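A.B. asks: For the sequence shown, position 86 matches number 290 in this note's numbering, and the numbering has no gaps at all. The beta carbon of each residue, even a glycine, is placed where N, CA and C say it ideally should be. In this text the structure is predicted, and so the values were computed from the model without any measurement. What follows is a structure written as structure tokens; I'll ask about it next.
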Amino acid sequence: MAEEKEGKGFGFGLGKMKELKEAFAKAQQVQQGAQELQQELEEMDIEGQSSDGTVKVIMSGNQEPRNVEISPEAAQKDAAELSELVTEAVKDAYNKSTATMREKMEALTSGLQLPGM
Numbered sequence: 205m206a207e208e209k210e211g212k213g214f215g216f217g218l219g220k221m222k223e224l225k226e227a228f229a230k231a232q233q234v235q236q237g238a239q240e241l242q243q244e245l246e247e248m249d250i251e252g253q254s255s256d257g258t259v260k261v262i263m264s265g266n267q268e269p270r271n272v273e274i275s276p277e278a279a280q281k282d283a284a285e286l287s288e289l290v291t292e293a294v295k296d297a298y299n300k301s302t303a304t305m306r307e308k309m310e311a312l313t314s315g316l317q318l319p320g321m
């Protein structure tokens, strides 16, 4: 005859169920925070500029290009020089935007500790 095993369930004790419930609650908080962060990033204006400051690029916190400002001094340059200045400004805005996004995501998820991870 096979012996019946009592109280084994799925291997989760009550303590584990409580931890799991808390982890789900934290995950829901992070999801809500992520939605709010997404909106905040969309509304941000982050400015990047060329090394000489003659070209400026405005990007959202989600790396959406918004505006390019080319000064009269930059407009006097030849096409290759102007292209380089615009590229520098785009890279600067992109780097600032991604750094801002990373910092905010790290702050949002810093309190999340899932059991078993």
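So, is the C-beta of E310 closer than 8 Å to a C-beta in chain D?
C.D. replies: In summary, chain D is missing from the structure at hand, where a single protein chain is found.
A.B. asks: Can you list, in chain order, the residues of its chain with a C-beta nearer than 6 Å to that of E277? Leave out the 5 residues immediately preceding and following it.
C.D. replies: Cβ neighbours of E277 beyond the five flanking positions: T258.
A.B. asks: Classify D296 as buried or exposed, calling it buried when 16 or more other Cβ atoms lie within 10 Å of its own Cβ.
C.D. replies: D296 should be labelled buried.
A.B. asks: Among the candidates S264, A231, N299, Q242, whose CA atom is the shortest distance from the CA of S314?
C.D. replies: Closest option to S314, Cα to Cα, is A231.
A.B. asks: Return the chain-ordered list of same chain residues with a C-beta closer than 6 Å to the C-beta of K308, the five sequence neighbours on each side being excluded.
C.D. replies: So the qualifying residues of the chain are L241.
A.B. asks: Which same chain residues end up closer than 6 Å to M221 when comparing Cβ atoms and leaving out the 5 residues on each side of it in sequence?
C.D. replies: Correct list: empty, nothing qualifies.
A.B. asks: Kindly indicate which residue of E247, Q233, E251, L312 has the alpha-carbon position closest to the one of V290.
C.D. replies: Measuring from the Cα of V290, the nearest candidate turns out to be E251.
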